[in-house]
Every structure is written in structure tokens, then in C-alpha cells.
Ligand code: SF4
């Protein structure tokens, strides 16, 4: 079995592949979030797996911020993701480069129809505000264009982290669990 460090590297590679596919799709279709939207990060029911937040937790440990994030999560009572900045003029994600898979896939990925053809999983905001973009993406997919398939990426994540990749839970809980795993990994390494 690969070490935790190597498994995290593999998850990071997966993130990069998603980002590349999303970039290609954006370039071909012009699809883009509305400026300062952040609506998807403000939902109270975003689910994620602890595995997709292991790179974040590893990064937090390297920066000496792991315990601080853990304490913040303990105190965080809202169901909205702790990393979401939703104040006017300061929108965004506080951990953008190491955000989870769902954060990268949401709004820029596809499911499949009953015949196995990709079906754009558009977000509600864009569907209403930019119907022309929906058409562009539909056309792009019909012509064989690539867009990340959600199920494929979660399958690949589960292949790297079989238990932690398949366990979906509220995003703040998933993040906390990822921090715990990294914390105990290093605590154990110190004692061994
Ligand atoms: S981690 Fe960042 S991108 Fe993902 S839901 Fe939270 S604020 Fe949004």
C-alpha cells in the first residue's frame, strides 16, 4: 500500500487533471461563473469526502495551521463551509488552491444519461442567467468535447482512498476528519 504522502500526491494529481479538463471546457464553451457569485459555497448541504480534503489538511500541517483550523471548525456552528468568504467585496474560498474535488467539479462537470452520454450538471444560477452558455456546453458535449464526469473522479478517488473516498458527509465534517487523520499520522510518527 502506498504511504499517506504518496496517496495525497495522487489526490493532488486528480485535482490537477480536473482543473485541466475544466479549463479546456471553459476555453471551448465560454462557460464561467458569474462575477462574485459564490452561491454554491453558501449552500448548507454541501457534502464531501474526507479524502478530497487530505491535501488541504497536509498543507495546513506543513504551515503549522492544522490545530488552528481544527479549533475553528470545532467552534463553527453554521452548516456553510468554513472556508467560504461571503461578505460583500471579499467573496471567495480561503483555501482555493487546495479545495476539495466537489468544489472543482460543481458547475463544471457532467453526469451521464441513461445511454451513457454526458449530461451537463449545470448550476441553477448559470442555468437561469446564461441559457446561451447551456447551449454552448450541450453542443460541445454532443461534438465529443470533454468535461469532467463526476462519478469517474469519485471512483478514482475511492481507488486511492477506498474508505475515506466513499464516505460522503457535510463538508465541515469531512474537513475536520481530514485534519484528524493528518494530525494522528504525525502524532504517531513522533511516538514511533
Ligand atoms: S472549500 Fe472553498 S470552494 Fe469548497 S465549498 Fe468551501 S469555500 Fe467553497
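In our numbering, the protein residues as written are 3 to 194. We put the beta carbon where it would ideally sit given N, CA and C, even for glycine. The structure displayed is predicted, hence computed values, not measured ones.
Cβ-heavy atom distance, residue i to the ligand SF4, below 7 Å
i	result
residue 126	no
residue 85	yes
residue 64	no
residue 109	no
residue 173	yes
residue 97	yes
residue 24	no
residue 139	no
residue 102	yes
residue 43	yes
residue 39	no
residue 105	yes
First and last residue of the uninterrupted beta strand (DSSP E) at residue i
i	result
residue 113	112–114
residue 122	120–122
Endpoints, the alpha helix (DSSP H) within which residue i is located
i	result
residue 156	152–162
residue 177	173–193
residue 73	68–77
residue 11	6–31
residue 135	133–144
residue 84	Neither: residue 84 is in no alpha helix (DSSP H) and is coded neither H nor E.
residue 106	103–107
CB contact flag (residue i, residue j, <8 Å)
i	j	result
residue 48	residue 104	yes
residue 85	residue 181	no
residue 163	residue 64	no
residue 157	residue 16	no
residue 19	residue 57	no
residue 135	residue 33	yes
residue 183	residue 52	yes
residue 161	residue 113	no
residue 107	residue 172	no
residue 174	residue 78	yes
Per-residue burial, residue i [other beta carbons within 10 Å of its own, 16 or more giving buried]
i	result
residue 109	buried
residue 167	buried
residue 155	buried
residue 36	exposed
residue 128	buried
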